[in-house]
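If you're matching them up, the sequences are chains A and B in order. Heads up: the first sequence at position 132 corresponds to 347 in this note's numbering, and the numbers run straight through without jumps. Heads up: the second sequence at position 52 corresponds to 230 in this note's numbering, and the numbers run straight through without jumps. Beta carbons are placed, not taken as given, at the ideal position from N, Cα and C, and that holds for glycine. Everything on this sheet refers to the single structure shown next.
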Amino acid sequence: MHPQAIDWIIMGTYFAFVLGIGAALKRSMRTSTDFFLSGRAMPAWITGLAFISANLGAQEVIGMAASGAKYGMATSQFYWVGAIPAMVFLGVFMMPFYYGSRARSVPEYLKLRFDEKTRGLNAITFAVMTVFSSGISLYALALLLRLLLGWGFATSVALSALIVLVYIFLGGLTSAIYNEVLQFFLIVFGFAPLVLIGLKDVGGWQGLVAGLHTVAQRRGYAPDAWLSTWGVMGRARDNPMGIDWFSLVMGLGFVLSFGYWCTDFLVVQRALAADSMDSARRTPLIAAVPKMLFPFLVILPGMIAIAATVHGGASGLTLPRKADGHLNYNMVVPLMLGRYFPNGMLGLGLTALMASFMTGMAGNVTAFNTVWTYDIYQAYIRHDASDAHYLTVGRLATVVGIALSVAAAYLTNRFSNIMDLLQLLFAFVNAPLFATFLLGMFWKRASGHGAFTGLLAGTLAAAVHHGLTLPAGRTPGIKGGWIAVLHLYPSQMAQNFWTAIWAFAVCLLVTIVVSLMTRPRPEQDLVGLVYSLTPRERTTARRWYRRPAVLGACVLAAAVALNVMFW
Amino acid sequence: MGLDIRIPVGALFSLLGALLAGYGLIGAEALARRSLGINIDLWWGLVLAVFGASMLLLAWRARRRR
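This is how it looks when you write it as structure tokens:
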């Protein structure tokens, strides 16, 4: 790949705009609410695009293309099953409590609904996780830039950290959200031509289908295995994911997906920045529309690449192999950028990738500085300072958060095992969360002691399940089975899904039992926080398509239609 | 909020579109070889420019209404 002046000019133009937006917004950051929640003044289409963009980091783009090559069309289950239903549920049922309670963060909702210790547990684990995720983003960006442009690790890390620091420091969440909107359009416009040229390369849709039939048959699956979603989910051994429909629906579609989309402050924060209750509720619903079409943008390139590699295409595109002889699926996107894009478009594609790395990082940093300031600093260190004081603390937290991310990036570079271990721990902590929120919002009897013990028990259950099971063909250790191997799963994905299912079930059960044994909070304290005690949210929208329930139903119907089309 | 997001989005994409299309127009032959005979810089640059211009138009109309 040989970027030339035109590519650098395109990248430079984008960075100039990013910094310019930060500078232009500096004047409107007067209060801590401006800085942490964009003054709760954003229209729904902006928060909606930011909602989807904050999640669409570059690891996701590169990872989904890799999975598209590895598993084919079934990867879109991560969107159509693993995101859309949860996003609709968040918008229609849960947002009234997040936005309506005037909580400024997800941990703060837990404080209002349950008690201080539940909030503390959630706030601290969340803050640690965001710093490490942002560090992993930086690390992955540095690896990619080394590969594509030959930049050194230190240069890449320093440059991207500095840019993110400047624009968040100046413009807070508004700056992050605006850049997420820019990134959304960059990803769409940067990747659509990749798919179009790629399709032409393999002989159009017909050619792609023929190519993927060859791929599936060579690997001992039914011809349609790379092209269908539900059709091959009957038994785990019929599809390359090693997943059956039940663990897919329960593990991914219910526990993991609802746990992430409905409780992760990184995405929920975008909705809290909306200008009204209706806008907040529409945020995830508007986001769901591009989300359900993204498979065609990020998964299809992987399917094209594998078809070209195995079956052959006009340009002779072939995935490289790793040292161990396996295809290097993570190279799908870099390879296609370098192969199909002439200078000019190459600059646009690289800009889109860099933008998504940086917004992935910025999303974590803005969530971190808010949770740190409101849920840790204000809760435990200084209760009653002036608003200006918390604004300063938030700006400082931005600097510290980015410094910690840089440290985490270096740590990952030195000890990649530590990062695997940490990500495993995060998965244990996150797995049971949705049970706590579900009971908190829809069962007034759930108590603070119940929620706290439930969360701990769920995390423990996740760890124990992981320690007792192993994906087939692996040795006990970081992949599981470190206590004893009682059960073998057909794939690591199946093991992950069942770890989540167990954590959820144990958390649900323990929360219910402990709540029944402890004193509930008086009902008048729970108005606005629990479904049965809160007056129904009346939408003020006059047009039918602006009503959250109607919009939610349309989104679900469209998602069902996509599932049927690609059955 | 102080700044209508459509202005920076519109300006950025108009500029990028003009850059790409201009570059595609100058170096047409050599460039198209990579992208299977399509002068993608030129055509995609025009798409970006149209998108950018319509964003600017929307922002301008919103401002006039206020």
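Beta-ladder partner(s) of alanine 489 of chain A, from DSSP
A:Met257
For the candidate residues A:Arg660, A:Ala520, A:Met309 and A:Leu640, whose alpha-carbon lies nearest to that of threonine 733 of chain A?
A:Arg660
Q: Establish whether the CB of alanine 269 of chain A and some CB of chain E are separated by less than 8 Å.
A: Of the protein chains in this structure, namely A and B, none is chain E.
Q: Please go through the stretch 507-579 of chain A and give each complete alpha helix (DSSP H) segment of 4 or more residues, from N-terminal end onward.
A: 515-526 and 547-555
Handout entry: CB contact check: leucine 234 of chain B to chain A, cutoff 8 Å
Key = no
Where does the unbroken alpha helix (DSSP H) through histidine 702 of chain A begin, and where does it stop? Premise fails: histidine 702 of chain A lies in the beta strand (DSSP E), 702-704, not in any alpha helix (DSSP H).
Would you say phenylalanine 480 of chain A reaches chain B, if we count a Cβ-Cβ gap shorter than 8 Å as a contact?
no
- Query: If we ignore side chains and look at the alpha-carbon of each, how far apart do valine 228 of chain B and leucine 414 of chain A end up?
  - Reply: 24 Å
Among A:Phe308, A:Val765 and A:Ala238, the one whose alpha carbon lies nearest that of phenylalanine 473 of chain A
A:Phe308
Taking contact to mean 3 or more Cβ pairs, one atom from each stretch, closer than 8 Å, check whether the stretch 442-457 of chain A and the stretch 539-549 of chain A are in contact.
no
| Can you find a C-beta in chain A that's less than 8 Å from the C-beta of glycine 202 of chain B? | yes
query = proline 686 of chain A bridges to which residues according to DSSP?
reply = A:Tyr704
Bridge partners for glycine 297 of chain A per DSSP, in chain order? Partner(s): none; glycine 297 of chain A has no beta bridge.
For the stretch 184-193 of chain B against the stretch 520-539 of chain A, are there 3 or more C-beta pairs whose distance is under 8 Å? no
To the nearest angstrom, report how far apart glycine 466 of chain A and leucine 637 of chain A are at their CA atoms.
-> 21 Å
Tryptophan 759 of chain A: buried (16+ other C-beta within 10 angstroms of its C-beta) or exposed? exposed
Subject >> First through last residue of the alpha helix (DSSP H) which encompasses glutamate 323 of chain A >> reply: 321-328
Which of helix, strand or coil DSSP assigns to glycine 695 of chain A: strand
query: chain A partners of leucine 193 of chain B, CB-CB under 8 Å?
result: Thr228
Return helix, strand or coil for proline 647 of chain A, following the three-state DSSP convention.
coil
(Q) Please list the terminal residues of the continuous alpha helix (DSSP H) segment that includes leucine 359 of chain A. (A) 331-364
Worksheet item: Can you tell which of A:Leu724, A:Asn645, A:Gly306 and A:Asn778 has its C-alpha closest to the C-alpha of methionine 471 of chain A?
Response: Checking the sequence shown, residue 471 of chain A turns out to be leucine, not methionine. Closest option to leucine 471 of chain A, Cα to Cα, is A:Asn645.
Does DSSP classify glutamine 219 of chain A as helix, strand or coil?
coil
Candidates A:Phe509, A:Ala391, A:Thr668 and A:Gly367, of which the one nearest serine 378 of chain A by Cα
It is worth fixing the name first, because residue 378 of chain A is isoleucine in this sequence and not serine. Closest by alpha carbon: A:Ala391.
Does DSSP classify asparagine 711 of chain A as helix, strand or coil? helix
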